[in-house]
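**Q** Quick note on numbering: the sequence shown equals residues 1 to 332 in UniProt numbering.
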Amino acid sequence: MRCVQMTAVGGPEVLRIADLPRPEPGPGQVRVHLAAAGVNPVDTKVRAKGLLDPQAALPAILGCDGAGTVDALGQGVTGIEPGQRVLFMNGGIGLAPGNYAEYATVDARFVVPIPEGVEDVEAAAMPLVAITAWEALFDRARLEAGEWVLIHGGAGGVGHVAIQLARQAGARVMTTVGDAEKAGIAQALGAEAVLRYREEDFVESARRRTGGEGVAVVLDTVGGETCTRSLHALATYGRLVSILALPGEMDWQYARLHNLSVAQEWMLSPMLLGREDHRLHQTAILGECAARMADGRLELLVAGTYPLEQAAEAHRRLEAGGMRGKLVLIPG
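(1) In whole angstroms, what is the alpha-carbon distance linking residue 130 and residue 219?
(2) From residue 125 to residue 69, what does the alpha carbon distance come to, in whole angstroms?
(3) Taking the alpha-carbon of residue 245 as reference, which of 223, 259, 253 and 262 has the nearest alpha-carbon?
(4) Going by the CB atoms, is the gap between residue 214 and residue 188 shorter than 8 Å?
(5) Between the region 139-149 and the region 75-92, are three or more C-beta pairs nearer than 8 Å?
(6) For residue 112, which residues of its own chain have a beta-carbon under 8 Å away from its beta-carbon, when the five flanking residues on both sides are left out?
(7) Which whole-angstrom value describes the C-beta separation of residue 328 and residue 42, a residue pair presumed to lie in contact below a C-beta threshold of 8 Å?
(8) Are there 16 or more other CB atoms within 10 angstroms of the CB of residue 65, so buried, or fewer, so exposed?
(9) Taking 8 Å as the threshold (C-beta atoms), are residue 303 and residue 323 in contact?
(10) With DSSP as the reference, please indicate the residues paired to residue 60 in a beta bridge.
(11) Where do the N-terminal and C-terminal ends of the alpha helix (DSSP H) with residue 44 fall, by residue?
(12) For the alpha helix (DSSP H) containing residue 187, list its first residue and its last residue.
(13) Less than 6 Å between C-beta atoms, sequence neighbours within five positions excluded: which residues of the same chain meet that for residue 192?
(14) Can we say the region 176-188 touches the region 249-263, given the rule of at least three CB pairs closer than 8 Å?
(15) Over what stretch of residues does the beta strand (DSSP E) that includes residue 271 continue unbroken?
(16) Quick check on the DSSP output: the alpha helix (DSSP H) that includes residue 127 runs from which residue to which?
(17) With 16 other CB atoms within 10 Å as the buried threshold, where does residue 334 fall?
(18) Which value, in whole angstroms, describes the spacing of the CA atoms of residue 14 and residue 4?
(19) May I have the straight-line CA-CA distance separating residue 237 from residue 257, to the nearest angstrom?
(20) List in chain order: all unbroken alpha helix (DSSP H) runs of 4+ residues lying wholly within the region 220-278.
(21) The beta strand (DSSP E) with residue 66 in it runs from where to where?
(22) How many angstroms separate the CA atom of residue 420 from the CA atom of residue 61?
(23) Specify the secondary structure class of residue 93 as computed by DSSP and reduced to three states.
(24) Do residue 265 and residue 132 have their C-beta atoms within less than 8 Å of each other?
(25) Inspect the beta-carbon positions of residue 35 and residue 325 and report whether they are closer than 8 Å.
(26) Select from 259, 164 and 147 the residue whose C-alpha is nearest the C-alpha of residue 154.
(27) Where are the alpha helix (DSSP H) runs, 4 residues long or more, that stay fully inside the region 282-312, in chain order?
(28) If contacts are defined as beta-carbon pairs under 8 Å, then residue 6 and residue 19 qualify, I think. What distance do you get, rounded to the angstrom?
(29) Just reading off the alpha helix (DSSP H) that residue 165 is part of, what are its end residues?
(30) So, are the CB atoms of residue 299 and residue 44 less than 8 Å apart?
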């Protein structure tokens with residue numbers, strides 16, 4: 001089995017092609033012949049800083065997102081047949097091998113059938129960003145119809161999915177972008193107000209566009225100063241959700257005065273903590289998002305695809321910033 005291994009902690013050059021035995025599915029698992037694997041910022045962070053499981057050892061296979069065809073069943077698996085196309089989020093952070101490979105074994109409970117009409121590349125681009133956007137908007141922020149939500153980085157991986165999900169929930173979407181091309185993407189996906197953060201102050205613009213009140217919800221996909229300043233874009237009793245670590249300089253006095261709620265969203269927690277109940281919830285989210293992809297309600301933007309041999313180049317492109325959508329590796 002050809003795969004890409006992280007051979008050390010460091011730059012993209014530590015990603016190297018290897019040939020390993022093809023894995024066999026254990027009880028309750030399926031083996032998937034991978035057609036595509038999503039590339040996410042967490043992959044680059046794990047590569048640069050180390051595996052998230054302190055008990056794990058290098059070399060390791062990265063990549064949480066996968067899509068492909070089931071080619072073998074472990075003992076006790078029912079409801080899934082060889083030849084079925086599936087997508088999933090599993091491994092890639094040190095707890096289990098990831099999906100920068102030709103094959104992966106996955107708990108059968110955590111795979112979702114790929115509907116007719118959905119291509120493998122788009123399916124592989126979906127899991128991590130869709131779960132993150134869904135949990136942030138609906139599980140953490142409790143976004144409701146009619147509310148204004150400010151989504152930072154509206155043309156990015158999480159941001160472009162969040163715009164679509166928020167609009168479908170009946171919310172009014174405001175988003176920040178860096179240039180005209182990204183503004184066009186955000187508008188096409190349904191953003192009602194697009195803020196060019198290099199040309200305007202997003203806090204002032206958010207307040208002006210909401211009659212001075214501020215937005216009900218902010219989804220922060222950027223972190224740092226953007227996160228800290230986002231508190232001031234919120235209406236009283238507003239909710240901020242960040243998918244990154246909260247900065248140390250948050251204005252907690254302002255947050256308390258305005259009764260603001262601040263939450264964090266890290267969709268890898270259930271996998272890291274072994275919480276199968278929460279992983280089943282995430283699998284249900286994937287099923288719903290796959291259905292929306294099939295009927296055209298959810299579009300996954302793929303900025304580029306790379307063969308396994310060019311995984312390091314994919315990491316370099318992602319780390320350069322300015323991404324529009326997702327990158328995907330093609331194992332075959």
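Just so you know, even glycine gets a beta-carbon here, dropped at the ideal spot from N, CA and C. In this text the structure is predicted, and so the values were computed from the model without any measurement.
**A** Considering the structure as presented:
(1) Residue 130 and residue 219 have their alpha carbons spaced roughly 14 Å apart.
(2) When rounded, the distance between both Cα atoms is 16 Å.
(3) From the listed residues 223, 259, 253 and 262, the smallest Cα separation to residue 245 is found for 223.
(4) No, they are not a contact pair.
(5) Too few Cβ pairs lie closer than 8 Å, so no.
(6) Excluding positions up to five away in sequence, the list reads 86, 87, 88, 283, 286, 287 and 290.
(7) So it is not a contact: roughly 15 Å between Cβ atoms.
(8) Residue 65 sits buried, since 16 or more C-beta atoms from the chains shown fall within 10 Å of its C-beta.
(9) The beta carbons of residue 323 and residue 303 sit closer together than 8 Å.
(10) Bridge partners of residue 60: 6.
(11) Counting along the chain, the alpha helix (DSSP H) containing residue 44 begins and ends at 41-49.
(12) Here the alpha helix (DSSP H) through residue 187 covers 180-189.
(13) Listed in chain order, the non-local C-beta contacts of residue 192 below 6 Å within the same chain comprise 172 and 173, local neighbours out to five positions each way being set aside.
(14) Touching, no, given that fewer than three Cβ pairs across the two stretches are closer than 8 Å.
(15) The continuous stretches of beta strand (DSSP E) do not include residue 271, which lies in the alpha helix (DSSP H) extending over residues 269-273.
(16) Boundaries of the alpha helix (DSSP H) around residue 127: 127-134.
(17) Residue 334 lies beyond the range of the chain shown here (1 to 332); nothing can be said about it.
(18) Those two C-alpha atoms are separated by around 10 Å.
(19) Rounded to whole angstroms, residue 237 to residue 257 spans 10 Å at the Cα level.
(20) 224-230, 252-257 and 269-273, all fully within the region 220-278.
(21) Where residue 66 is concerned, the enclosing beta strand (DSSP E) stretches over 65-73.
(22) Any question about residue 420 goes unanswered here, given that the chain covers just 1 to 332.
(23) In the three-state reduction of the DSSP assignment, residue 93 falls in the coil class, being assigned neither a helical nor a strand state.
(24) A contact, by the Cβ cut-off of 8 Å.
(25) Between residue 35 and residue 325, the gap from beta carbon to beta carbon reaches 8 Å or more.
(26) It is 164 whose Cα lies nearest to the Cα of residue 154.
(27) Counting whole runs of 4 or more residues, the region 282-312 contains no alpha helix (DSSP H) stretch at all.
(28) Contact between residue 6 and residue 19 fails: their C-beta atoms lie close to 16 Å from each other, not under 8 Å.
(29) Residues 157-168.
(30) No, the pair does not count as a contact, with Cβ atoms beyond the cut-off.
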